[in-house]
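S.K.: Protein chains in written order, with UniProt numbering: chain V, 1 to 390; chain C, 1 to 390.
We treat Cβ as the ideally placed atom computed from N, Cα and C, and that holds for glycine.
Protein chains: 2
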Amino acid sequence: MYGIFSYDIASPRVGLKQDDYILDLEVVALLGYFNDLKIDPTVFAQPVLNDFIALGKPAHRAIRQRLNELVSSGTPAFSDVHDQVFIHESRVQMYLPVHIGDYTDFYAGIHHAENVGRMFRPTSDPLLPNYKQLPVAYHGRASSIVVSGTPIRRPKGQFLHEGKPVFGPSEALDFELELGLIIGKNNPLGESISVEEAEDYIFGVTLFNDWSARDIQRWEYQPLGPFLGKNFASSLSAWVMPFDELESFRVAGPPQDPIPLPYLQTTGEKHFSFELEVCLQPAEGEKICICRSNARYLYWNFAQMIAHHTVGGCNLNIGDVLATGTISGSTPGSYGSLLELSWNGERPLHLSETTTRTFLADGDTITLHGWGFLNGVRVDLGDVTGTIYS
Amino acid sequence: MYGIFSYDIASPRVGLKQDDYILDLEVVALLGYFNDLKIDPTVFAQPVLNDFIALGKPAHRAIRQRLNELVSSGTPAFSDVHDQVFIHESRVQMYLPVHIGDYTDFYAGIHHAENVGRMFRPTSDPLLPNYKQLPVAYHGRASSIVVSGTPIRRPKGQFLHEGKPVFGPSEALDFELELGLIIGKNNPLGESISVEEAEDYIFGVTLFNDWSARDIQRWEYQPLGPFLGKNFASSLSAWVMPFDELESFRVAGPPQDPIPLPYLQTTGEKHFSFELEVCLQPAEGEKICICRSNARYLYWNFAQMIAHHTVGGCNLNIGDVLATGTISGSTPGSYGSLLELSWNGERPLHLSETTTRTFLADGDTITLHGWGFLNGVRVDLGDVTGTIYS
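#1: CA-CA distance, V/Val166 and V/Ile216?
#2: Enumerated in chain order, which unbroken segments of the alpha helix (DSSP H) with a length of 4 residues or greater are wholly contained in the stretch 77–103 of chain C?
#3: May I have a chain-ordered list of the alpha helix (DSSP H) segments no shorter than 4 residues that lie completely inside the stretch 186–220 of chain V?
#4: For C/Val48, go through chain V and note every residue whose CB falls closer than 8 angstroms to its CB, in chain order.
#5: Beta-carbon of C/Ser337 versus every beta-carbon of chain V: anything under 8 angstroms?
#6: Which residues, taken in chain order from the stretch 56–68 of chain V, show a beta carbon closer than 9 angstroms to some beta carbon of chain C?
#7: Out of C/Ile366, C/Ser79, C/Pro169, which has the shortest C-alpha to C-alpha gap to C/Ala213?
#8: Quick one: measure Cβ to Cβ for C/Ile182 and C/Asn317, integer angstroms, because I've assumed they're closer than 8 angstroms.
#9: Inspect the beta-carbon positions of V/Ala62 and V/Thr104 and report whether they are closer than 8 angstroms.
#10: Quick one: list the residues of chain V neighbouring C/Trp300, beta-carbon separation under 8 angstroms, in chain order.
#11: Quick one: is V/His139 near chain C, going by C-beta distance under 8 angstroms?
#12: What's the C-alpha gap between V/Asn344 and V/Gly333?
#13: With a cut-off of 8 angstroms, does the C-beta of C/Leu70 fall near any C-beta of chain V?
#14: Is the beta carbon of C/Leu228 sitting closer than 8 angstroms to the one on C/Pro151?
#15: Are V/Asn209 and V/Gly386 close, meaning C-beta to C-beta below 8 angstroms?
#16: Terminal residues of the continuous beta strand (DSSP E) containing V/Lys17?
#17: Please state if the CB of V/Thr355 and the CB of V/Ile193 are separated by a distance shorter than 8 angstroms.
#18: Can a CB atom of chain C be found closer than 8 angstroms to the CB of V/Pro198?
#19: Once you ignore the five residues that flank C/Pro47 on each side, which residues in its own chain have a CB closer than 7 angstroms to its CB?
#20: Counting only beta-carbon separations shorter than 8 angstroms, does V/Ala361 have a partner in chain C?
#21: Return the chain-ordered list of same chain residues with a C-beta closer than 6 angstroms to the C-beta of V/Ser237, the five sequence neighbours on each side being excluded.
#22: I'd like the ranges of any beta strand (DSSP E) spanning at least 3 consecutive residues and lying wholly in the stretch 106–182 of chain V.
#23: Candidates C/Gln281, C/Lys287, C/Ala323, C/Gly285: which alpha carbon is nearest C/Trp300's?
#24: Checking the sheet assignment: what are the DSSP bridge partners for V/His369?
#25: C/Leu181 touches chain V at which residues, Cβ-Cβ below 7 angstroms?
#26: What does C/Asn315 touch in chain V if you count any residue whose Cβ is under 7 angstroms from its own?
#27: With three or more beta-carbon pairs closer than 8 angstroms as the criterion, would you say the stretch 263–275 of chain V touches the stretch 288–300 of chain V?
#28: How many angstroms separate the CA atom of C/Ser330 from the CA atom of C/Leu246?
#29: Which partner residues of V/Pro223 appear in the DSSP bridge assignment?
#30: So, helix, strand or coil for C/Arg357, using DSSP?
#31: For the alpha helix (DSSP H) that C/Phe302 lies in, which residues bound it at each end?
#32: Interface residues of chain V around C/Leu31 at Cβ under 8 angstroms?
#33: With 8 angstroms set as the bound, which would you pick, yes or no: does the beta-carbon of V/Tyr263 sit closer than that to a beta-carbon of chain C?
#34: Please classify C/Ala252 as buried or exposed, where buried requires at least 16 other C-beta atoms within 10 Å of its C-beta.
#35: Sort V/Ser328, V/Asn231, V/Ile366 by Cα distance to C/Asp102 and report the nearest one.
#36: Per DSSP, what kind of secondary structure is V/Ile63 in: helix, strand or coil?
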């Protein structure tokens, strides 16, 4: 996984995570290990991954192959310079890995959409008629996306109390378990990306927590969608898993019925099996994992999201984030938000004998974990964590 | 008004519009006219206004005062260098004036909101219960905002035909008459901006056309708001009117009943009287002005928009665009979109004896004009124009 890190007096730079160490790619480049690859070493000396991403997938593969050769056992290449190129993670500070021009949030978790529909429109079909025809999405706020670990301030805002609008700190602060795609290639304004080409536009995948203030959101969102209920913060993992390294996690998605229009039709395994987990650590007391889900529960796949996003000519740029929406499973223990886990506050979650939660309390830390299995060995996506304060 | 322009072999730079000429502020700075103001001349040699905006209002006022002295009659300062500093507008190319980190679109035109409500929810109150309690808004797409004059490609997308989803070129392409605020100062994430401070965060005002595909929008927008119906393009004027120069256009806004919550309460004249006009030039035939409106018809004022946007801690950045939403008046000739002017296509607009429009045809050029009066003299906001093609 790639990220941006600094240590000691070294300025932010591109790193590759290797277990508990981070390989300093600027130093590797300056030591000459990439010389024959014709890669400009300054792309590694940047505070965001965007220039590195812009090198393109052939360059990324060449770099990755070179690094694999260098770190593979039996190759002495890095042995003389081990302490120069491998920095222990305890010494580093991490940064938001990309400059994000635009952020889009999909609604591709069908169990989440059904649960929300059941709660808020109990007398009608939980899914609206468009849900299975197109990947519903909205534009979110890019400026307030922060790197994992950044404390999250409880937003104040306007919401209803006994039917009257009041102003105050949100009383229904929530997390959302999502994946974020990091866009790896630009398309020109006016040109669309087909489902066949779409995966080539993904640089990598991260964990993403789209913090939500449900009381603010519920009062404001008609008719134009979420605004202040979402835009106070979203948390992105410091680590981006390159899309190339996800091949062995591919699985088939759920059957799509009705069959979508041709521009959204995909073949083959376009979903990915990542185990996902959400854990809550209260200010006092034990950390409890409150949700276990899987990325394969998404209704729409990544290729469909990208093809739909661009079908009208909208231009994506390197570093843009496309988040999936909340990934819930079909059973209560797999719900990816407190809104669902506490069923809109009706069923408090018991963290211990004395501690319950409907929504988040100040001091609560939420951590999302994600992992897959490669030949039986667990491969971690980077965690994303944040602690609530007022 | 400030903008970014180039000419001959000169790279994009900051200009000040003076009637039919553009004052080249990089050249003015290099000639030493700002030396005693301690302004770094490189802020004028940029392809966007962001660095210039970041100088702050005291610097902008000092620059403006110096320029006023230099160009006022009787001062010979520029007479020797007239052709170096004044570039005729026929010679220049204009650019998007700012790098836009995030774009927000409000819904502050109450007559537009009422018209849309009457069309789409004919049996209930045209305004939803939140409309007069808070300035409804949504996040839009920043990457697809283009400078005035850029051709606009008709988007393809998914919409309903006789109740079934189909894919094709939008059959309900529309414009929206809006103003755009350009943000002039950053607020830190987690900190709000009060209504009293809010106007100090506005660098300037522009005309803004939020192109909309009504058929796509109508099918996709529940429950999370507009997405592909809007994100294929928006057009921003090349010229930004500094907020400081709007003082004489201040007027009182409409009475707000109910009185909003304290964080949204403003006093004094916080609305602005700009005459607004929309003209349609078909590929063949005469240009017809189809709408005449005024910015004073907005329900919510700029200070309320900014205070609301940030009340939960959302951070605004220099160059962000906050658009007002469609500014319609209360009478049919003042409606700021074809959706309203043709009443959802039911009442075609007669452009000539043989030409009608419900929505836009390929080859149509839409131009928004705006102006105010200062001591009886018309002061123009920059136009914004775009031609539809497929």
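M.R.: Working from what's here:
#1: 10 angstroms
#2: 82–85
#3: 195–198, 214–220
#4: Under the 8 angstroms cutoff, chain V gives no residues; its nearest Cβ is about 14 angstroms from C/Val48.
#5: no
#6: none
#7: C/Pro169
#8: Not quite, the Cβ-Cβ distance comes to about 11 angstroms (not below 8 angstroms), so this is no contact.
#9: no
#10: Within chain V, no residue comes near C/Trp300; the closest Cβ sits about 13 angstroms away, beyond 8 angstroms.
#11: yes
#12: 15 angstroms
#13: no
#14: no
#15: yes
#16: 10–18
#17: no
#18: The sequence shown places Ala at residue 198 of chain V, not Pro. For V/Ala198, the answer is no, since every Cβ of chain C falls outside 8 angstroms of its Cβ.
#19: Ile4, Pro12, Tyr95
#20: no
#21: Ser148, Thr206, Leu207, Gly382, Val384
#22: 137–140, 145–147, 156–161, 164–169
#23: C/Ala323
#24: V/Glu277
#25: Result: empty, since nearest Cβ-Cβ is about 16 angstroms, beyond 7 angstroms.
#26: Ser143, Ser144
#27: yes
#28: 24 angstroms
#29: BP columns for V/Pro223 are empty, so no partner.
#30: strand
#31: 302–310
#32: Near C/Leu31 there are no residues of chain V at all, since even the closest Cβ is about 35 angstroms away, more than 8 angstroms.
#33: yes
#34: exposed
#35: V/Asn231
#36: helix
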